[in-house]
Structures are given as structure tokens and as C-alpha cells.
């Protein structure tokens with residue numbers, strides 16, 4: 022089905038109320054204004070400028086009336102001159118105040134955006150792995166950039182325009198009632214109709230805007246995935262397929278925006294029509310009164326000027342309400358992240374973890390991702406200082422989950438994990454993780470220099486320490502062969518380096534932290550045999566006197582282990598040394614035959 026054909030169904034689902042539908046975004050909008058508190062002086066200054074502008078706008082028609090009735094009507098040149106000078110002064114004052122109002126409100130709103138993005142970055146950095154497991158990078162980027170920018174517009178220009186319209190409307194209504202109650206009633210009669218149309222438009226536009234915001238996140242995710250997987254796309258000759266998938270989502274976004282444009286055009290033109298009909302009616306009635314002598318020409322001109330000031334704010338609702346609606350939806354999406362409670366949290370009374378000795382225990386530990394099946398089932402294990410614990414098993418047996426529990430990337434659903442007898446849920450995350458050196462299976466490098474990547478965990482590392490860590494990881498020689506040595510930029514995600522080179526830099530990064538506990542998730546899987554042998558020598562020195570958990574698919578790794586845990590479907594199927602397991606465990610023998618056994622046969 023074409024995206025345009027699916028669009029009505031999508032919108033009907035959005036527009037139909039449901040038991041779980043969220044209330045209007047008023048609370049989210051009000052919450053946005055709390056971010057203006059630190060910048061109250063700028064906000065107060067912009068509001069003071071707004072009131073000054075309103076006062077000058079109220080005085081302007083009266084001066085015009087004075088010029089027509091007293092200056093021109095009585096041929097009083099002196100009065101005419103001074104009145105025009107006064108009009109000019111008011112115009113200049115209004116221009117100056119408009120400048121300061123715009124500047125101060127914009128600076129305050131930009132500060133709100135900066136604070137929100139800082140909060141988002143802080144929140145995203147402390148949210149648990151479970152949040153990132155279910156989140157799309159493109160959607161998060163859309164919230165941090167585009168949605169925050171709409172909140173900025175709300176707390177800046179949108180609010181100023183809205184307040185300007187309200188103050189102008191109320192002040193003008195009072196003045197026209199005092200000037201001529203009959204004409205004022207005619208003018209005010211159109212206001213409820215205009216207000217009703219504006220509110221009805223807002224109700225229609227909000228669900229449509231929510232769909233647009235969501236689709237922007239989908240588009241951003243599609244672009245981010247295409248860029249990240251560009252080599253895979255080209256390797257499998259899927260360029261046209263990726264283009265087609267993007268075009269489907271892009272067309273859906275276009276159709277949503279086209280419908281929004283039609284809705285805005287219809288709503289705006291309807292408001293304009295009602296306002297113009299009201300103006301025509303007032304001009305006819307006022308002109309008739311002027312002909313009968315019930316109203317001077319100056320009063321008629323002043324009244325029609327006030328009428329424009331009365332109707333303009335209502336017309337503005339056609340632009341402001343969609344902007345506020347969009348900002349409300351955007352704010353909800355931003356606060357949804359800020360209000361997310363991390364599954365892994367520090368206790369308020371968490372203590373600093375003292376330096377590790379390295380005694381790690383799993384006591385009947387079970388774990389499941391959300392409501393899905395259990396990944397680990399009643400795991401009991403003990404690793405003493407100086408010991409190496411190797412984890413082997415088929416894919417999905419729970420090896421990576423075990424090592425993710427040690428630094429509290431996740432918390433067990435049952436049981437507990439202790440280090441040196443201390444439950445790791447009772448200590449601060451920083452004091453725990455800072456003593457654990459980790460080399461994950463998926464090597465992540467940052468778009469920075471090799472030096473910065475190695476020193477990522479130790480910001481004050483000296484050049485000598487960085488080089489020593491690189492040498493220990495057998496990375497020093499290839500680093501010197503790069504274009505700028507340790508200053509070479511590795512590109513986004515280390516794209517300019519081979520898999521083995523990235524892994525050696527990751528190992529150097531772990532070595533530099535001088536950890537008391539090592540976690541190696543298949544740390545030598547992407548290197549050739551010769552490089553692996555060199556790394557194993559370095560790791561043998563590194564692991565001495567430290568507790569090490571290692572996942573490996575190579576015999577050279579597990580042969581060093583003091584204890585090998587054989588995992589099957591989240592449970593410990595067998596444990597022991599390599600020789601013991603070969604004799605006692607058929608599962609380990611099968612893993613050895615398929616994954617670990619050296620391939621000594623020469624290719625034919």
C-alpha cells in the first residue's frame with residue numbers, strides 16, 4: 022500500500038480518543054516555562070518592553086485622531102507639527118523596545134534550549150542499557166535537536182507574541198468600549214467566533230503534528246542507519262533498496278506535512294475571512310455614523326485602527342496555536358526522556374567501593390530482559406583474586422549477559438553479585454566501574470585522535486603512560502606507521518582502522534586504567550593468529566594479580582583459565598579446567614571440536 026493510502030488510517034488512530042490517550046500537553050507547556058527561572062531578569066525585561074510597546078500602540082491612534090480632528094480639521098499647523106513629532110517619538114520608542122524585547126526573549130529561550138540539551142545529554146549518559154536497547158538513535162537525535170528547538174521557540178517568540186496579542190486585545194477592547202459602545206459591541210461580537218475557530222483548529226492540528234514529529238524521528242533513524250551501515254549496503258549492492266525504503270518514509274512525512282499545510286491554510290483563511298467581514302461591517306456602520314455627525318472623521322480613523330489592533334491578535338492565533346501545539350508535542354517527547362527512571366540506580370546511601378581485591382561471587386543470579394524469557398537461571402560462580410574465569414557456550418547461552426552484570430550495566434532480577442563480600446548494588450557506580458577494565462566484543466572508538474581514544478578512561482594520563490599501554494597491547498608499532506602517529510584521527514567509530522587495530526586500541530584503553538578486575542568479551546576475535554599471540558603475552562602480564570572474566574572462541578584463551586564455565590540456555594552446564602571438561606562434558610567436547618580446536622590441517 023502506498024504511504025498516502027495508509028495516511029488516513031494512521032491519522033484516524035491518532036484522532037480517536039482511547040483509554041490510554043495522553044491529556045493535552047498543557048502540563049508539558051507549563052513545565053517548559055520553569056526553565057526560564059534562572060533567566061528571570063531577561064524575561065522580565067522582555068515583558069516590560071512588551072508593555073511599553075502596548076502603551077505606545079494604544080496612544081498611536083489617539084494621536085492620529087488628534088491630528089485629523091484638531092490639526093487638519095482646524096488648520097492648526099503648530100498642533101499638526103507637534104502631533105506628528107509625538108507620533109514619530111512613539112514610533113522610534115516602539116522600534117527600540119521591539120529590538121530589546123526580541124533580543125532578551127531570544128537570549129532567554131536559547132538558554133532554555135541549552136539547558137534542556139545539557140539535561141538530555143546528562144540523562145542519556147546515566148540511563149541504563151535497557152533504555153538504549155529499545156531506543157533508536159535517530160529518534161533521540163530528533164528529540165534533542167528539533168524538539169528542543171521547538172521548545173525554545175515556545176519559551177521565546179511564541180510566548181511573546183501570545184502575550185502581546187492578549188494584552189493588546191484586552192487594552193484595545195477597553196478603549197473602543199469607552200470611545201463608542203455601539204461600534205465596540207459590533208467589533209467584539211466577532212471575537213467568540215474567531216476564538217472558537219482557533220480552538221477547533223488547535224484540536225485538529227495536535228494529533229497531526231504528533232504524527233509528523235514521530236515520522237521525523239523515523240526519517241532521522243533511517244538516515245543514521247544508512248550512514249552507519251553504508252559499507253554493508255554497498256557490499257550487498259542494496260543501494261537502490263535503501264533508497265526505496267527511505268523514499269517510503271519520506272513520502273509518508275511529505276503527506277503528513279501536506280495535510281498539515283492544508284489544515285493551516287484552511288484555518289488561517291477562515292480566521293482571516295471572519296476578521297475581514299467584521300472590519301467591513303464596522304467600516305460601514307462607522308461611516309454611516311460619521312455621515313450623520315455622530316462620529317468625527319478622526320474618531321472613525323482611530324476606531325478602525327484600534328479595530329485592526331483588536332483583530333490582529335486573533336488572526337495571529339492561526340499561527341501561534343499550531344506553533345504552541347507543536348511545541349507541546351515536542352516538550353512531551355523531550356520530557357519523556359528526562360522523566361525516564363534508570364533501571365540501574367545508585368542508592369541514596371551508596372558507599373564508595375574500596376580498592377578491589379578481586380573476589381567475585383554470583384549467588385543464585387537470574388536475569389531476564391523485561392518480560393521476555395529468562396536469559397540466566399540461578400547462576401552460582403566464584404572467582405578469587407588472580408583467577409581467570411573463561412565463559413564458553415553457544416550463541417545466546419548468556420555469556421555476554423554475565424559480564425554485563427559485573428559492572429552493573431544491568432541488575433539481576435534475582436540473586437546478588439558481590440565483590441570482596443560487598444553487594445555491588447550498595448556502592449556507587451563510579452567507584453565500581455572505575456576499577457573494572459572492559460574490552461567489549463563490539464569495539465567502539467570515538468571520532469578523535471588515537472591518543473584521546475587510548476586515554477579515554479584516564480583523562481590526565483601522561484604521554485609515557487599512553488605509549489606504555491599501547492606497547493602492552495601490541496599497538497605501538499602500527500600507530501607509528503599511521504600518518505600522524507598518536508595524533509592520527511581515527512574517524513567516526515574508528516572507520517579508518519582495521520578490526521584488529523581497533524581492538525588493540527581498545528585493549529590499550531583498558532590497560533591504561535590499571536584495573537583490578539578485567540572483563541574481556543571475545544577480546545582477540547578480530548586479530549590474526551600472530552597478533553593474537555602477541556596480545557596474549559601482554560594480557561598474561563596484565564591479568565597477573567587481577568581477577569579476569571573472559572569470553573573466548575579460541576583455545577589459547579581458555580587454556581589459561583583457572584576455571585571454565587560451560588553455559589547452555591542461561592544455566593551452568595559444566596565447570597572445570599580444559600582437561601577435566603574434555604573428559605566429563607560432552608557439550609564442552611562439542612564446543613571444543615567446533616570452535617576451539619586448532620585447525621592444523623593444511624588446505625588442499
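Numbering (this note's numbering), first residue to last: 22 to 625. Here a beta-carbon is modelled for each residue, glycine too, at the ideal position from N, C-alpha and C. Here the structure is a predicted model, which means the values were calculated and not measured.
Using a threshold of 8 Å, state whether the C-beta atoms of residue i and residue j are closer than that.
i: residue 122; j: residue 65; result: no
i: residue 464; j: residue 523; result: yes
i: residue 161; j: residue 145; result: yes
i: residue 397; j: residue 417; result: no
i: residue 525; j: residue 477; result: no
i: residue 413; j: residue 541; result: no
i: residue 183; j: residue 358; result: no
i: residue 187; j: residue 334; result: yes
i: residue 163; j: residue 209; result: no
i: residue 569; j: residue 440; result: no
i: residue 411; j: residue 147; result: no
i: residue 270; j: residue 240; result: yes
i: residue 134; j: residue 111; result: no
i: residue 84; j: residue 108; result: yes
i: residue 152; j: residue 361; result: yes
i: residue 498; j: residue 470; result: no
Roughly how many whole angstroms lie between the Cα atoms of residue i and residue j?
i: residue 242; j: residue 519; result: 26 Å
i: residue 404; j: residue 155; result: 32 Å
i: residue 375; j: residue 406; result: 15 Å
i: residue 365; j: residue 427; result: 12 Å
i: residue 450; j: residue 367; result: 7 Å
i: residue 610; j: residue 168; result: 55 Å
i: residue 56; j: residue 273; result: 34 Å
i: residue 484; j: residue 532; result: 14 Å
i: residue 99; j: residue 73; result: 27 Å
i: residue 141; j: residue 344; result: 22 Å
i: residue 356; j: residue 348; result: 12 Å
i: residue 606; j: residue 468; result: 45 Å
i: residue 491; j: residue 475; result: 8 Å
i: residue 78; j: residue 265; result: 55 Å
i: residue 52; j: residue 228; result: 20 Å
i: residue 565; j: residue 58; result: 55 Å
i: residue 615; j: residue 354; result: 48 Å
i: residue 69; j: residue 126; result: 11 Å
For residue i, which of the options has the nearest alpha-carbon?
i: residue 351; options: 128, 176, 478 and 607; result: 176
i: residue 388; options: 238, 438 and 278; result: 438
i: residue 307; options: 206, 230 and 130; result: 206
i: residue 204; options: 309, 287 and 190; result: 309
i: residue 119; options: 76, 301 and 447; result: 76
i: residue 90; options: 323, 67 and 80; result: 323
i: residue 588; options: 172, 596 and 582; result: 596
i: residue 613; options: 575, 565 and 373; result: 575
i: residue 317; options: 59, 88 and 54; result: 88
i: residue 432; options: 474, 384, 69 and 606; result: 384
i: residue 124; options: 62, 105 and 101; result: 62
i: residue 263; options: 195, 244 and 108; result: 244
i: residue 225; options: 280, 179 and 172; result: 280
i: residue 444; options: 386, 269, 481 and 495; result: 386
i: residue 67; options: 105, 128, 534 and 601; result: 128
i: residue 370; options: 293, 434, 305 and 448; result: 448
i: residue 282; options: 222, 498, 582 and 106; result: 222
i: residue 696; options: 363, 218 and 231; result: The chain is shown only over 22 to 625; residue 696 falls outside these bounds and no answer can be derived.
i: residue 216; options: 503, 291, 501 and 157; result: 291
With a CB to CB cut of under 6 Å and the five nearest residues on each side skipped, what residues in its chain are close to residue i?
i: residue 193; result: 327, 330 and 331
i: residue 452; result: 373 and 374
i: residue 185; result: 71
i: residue 572; result: 412, 420, 542 and 543
i: residue 321; result: 307 and 311
i: residue 481; result: none
Less than 8 Å between C-beta atoms, sequence neighbours within five positions excluded: which residues of the same chain meet that for residue i?
i: residue 214; result: 295
i: residue 174; result: 130, 344 and 348
Spatial neighbours of residue i within its chain, please: CB distance less than 7 Å, with the 5 preceding and 5 following residues excluded, ordered by chain position.
i: residue 472; result: 487, 507 and 508
i: residue 422; result: 388, 396 and 397
i: residue 608; result: 587, 589, 594 and 595
i: residue 278; result: 233
i: residue 379; result: 406, 537, 538, 567 and 568
i: residue 285; result: 343
i: residue 302; result: 207
i: residue 189; result: 75, 78, 330 and 334
Could you tell me if the beta carbon of residue i falls within a distance shorter than 7 Å of some heavy atom in the ligand HEM?
i: residue 593; result: Within the structure as shown, the ligand HEM is missing, as the structure has no ligands at all.
(message) List, from N- to C-terminal side, the beta strand (DSSP E) runs of 3 residues or more that fit wholly inside the stretch 478–549.
(response) 538–542
(request) Output the residue ranges of the alpha helix (DSSP H) runs that lie fully inside the stretch 424–470 and measure 4 residues or longer, sorted by chain position. (result) 450–454
(message) Runs of 4 residues minimum, wholly inside the stretch 573–601: which ones carry the alpha helix (DSSP H) assignment?
(response) 576–579
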